[in-house]
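Per our numbering, the sequence shown starts with residue 967, numbered consecutively.
Note that CB positions come from ideal geometry on N, CA and C, so glycine has one too.
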Amino acid sequence: MKPSNFNTLRAVLLVIALILCIQSNAQSELTAESWQEDLRYLQKTVNNDYAFLFKKVSADTFNTEVEHLYNAIPDLADHEIMVGIARLVALFKYGHTDVGFRGSKVNYHKLPINLYHFNDGVFIEGVHQSHKDILGAKLLKIEDVVTDDALNKIKPVVPVENDQYFKAYGLVYLTIPEVLHAQKVVKTYSQSVTLTLEKDSKVFKYTLDAVSPDAVPTQYSLIEQKGEWLSAREQ
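Have a look at this one:
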């Protein structure tokens, strides 16, 4: 195995260990002190054992961001802290090294849609059939934030190596209310999110209620056309 591949594997294993630590603590309600302990564990482990991660971000920058999050934790909701940790890991810009929300005791949700980035904008590629009228619509705004600005706001959470990776795999973060709130795309946390859409030359607002993330079937950035899920690819 090449050293670079080995290092990437080690990075993945590090983050898995972090997630297991967080999940273990989350068996009971996490206190601010517990979150801060987890954060210090991450900081110490990265600095002492995984310094190779400091290629696309300096140790000083990483540690400064750790301190910002550490000090903010007492005033943050659990989902904001989890997203904050995801931002830290995303600083390394390893595409397969991230803080996965799936399986965490910090509940997260997804809007019942799948987005896809085309040359002329972001469009709704897939939906639950109960929202079939918005299939193929162009996304103009999330609440009061235009799509390009929303993308810029959520990008720091996504562990991307380049813009193409972000376009392919980062859009899912636009459908997670917890990320939208933590990254200040929406002002208040709610599992109902209002979108401004354009379809057939008509601009309109549409409110979606989030569902369990496991309820939205996707594969390779596209909706899986099964059961009650529809894709614009077949329209």
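Around the C-beta of Lys1153, fewer than 16 other C-beta atoms lie within 10 Å, and the residue is accordingly described as exposed.
Taking C-beta separations shorter than 8 Å and ignoring five residues to either side along the sequence, the partners of Lys1098 in its chain run Leu1196, following chain order. Between the stretch 1071-1087 and the stretch 1131-1145 there are three or more inter-stretch CB-CB distances shorter than 8 Å, so the stretches are counted as touching.
Counting along the chain, Phe1089 sits inside the beta strand (DSSP E) bounded by residues Gly1087 to His1094. Three or more beta-carbon pairs separated by less than 8 Å are not found between the stretch 1122-1132 and the stretch 1176-1193, which leaves the two stretches without contact.
In this structure, Leu1077 places its C-beta atom within 8 Å of the C-beta atom of Thr1141. Counting of Cβ neighbours within 10 angstroms places Tyr1155 among the exposed residues, the total staying below 16.
With a 10 Å radius around the Cβ and a threshold of 16 neighbouring Cβ atoms, Gly1087 comes out exposed. Residue pairing from DSSP places Phe1170 in a beta bridge opposite Leu1163. If you compare the alpha carbons of Val1112, Pro1125, Thr1113 and Ile1100 with that of Tyr1172, the shortest gap goes to Ile1100. Taking 8 Å as the upper bound for CB-CB distance, Gln1149 and Val1123 are in contact here, some 6 Å apart. At the C-beta level, Val1151 and Val1111 come within 8 Å of one another. In terms of Cβ geometry, Leu1054 and Glu1031 form a close pair [threshold 8 Å].
Take the alpha-carbon of His1147 and the one of Asp1166: they are about 30 Å apart. By the neighbour-count criterion, in which 16 or more other beta carbons inside 10 Å mark a residue as buried, Thr1113 falls on the buried side. Annotation for His1083: the continuous beta strand (DSSP E) segment containing it runs Ile1079 to Phe1084.
A distance below 7 Å between beta-carbons, with the five flanking residues on each side excluded, links Ile1047 to the following residues of its chain, in chain order: Trp1001 and Ile1039. Residues of the same chain with a CB within less than 6 Å of the CB of Lys1107, apart from the 5 flanking positions on each side, are Thr1162 in chain order. Here DSSP, grouped into helix, strand and coil, assigns Gln1191 to coil. Restricting attention to Leu1105, Ile1079, Gln1095 and His1075, the CA atom closest to the CA of Phe1089 is found in Leu1105. Taking C-alpha positions only, Lys1010 is separated from Ser1096 by approximately 48 Å. When the Cα atoms are used, Leu1057 and Gly1102 turn out to be separated by approximately 33 Å. Under the DSSP assignment, Ile1120 falls in the alpha helix (DSSP H) whose first and last residues are Thr1113 to Ile1120.
For Leu1008, the uninterrupted alpha helix (DSSP H) run begins and ends at Ala998 to Asp1015, by DSSP.
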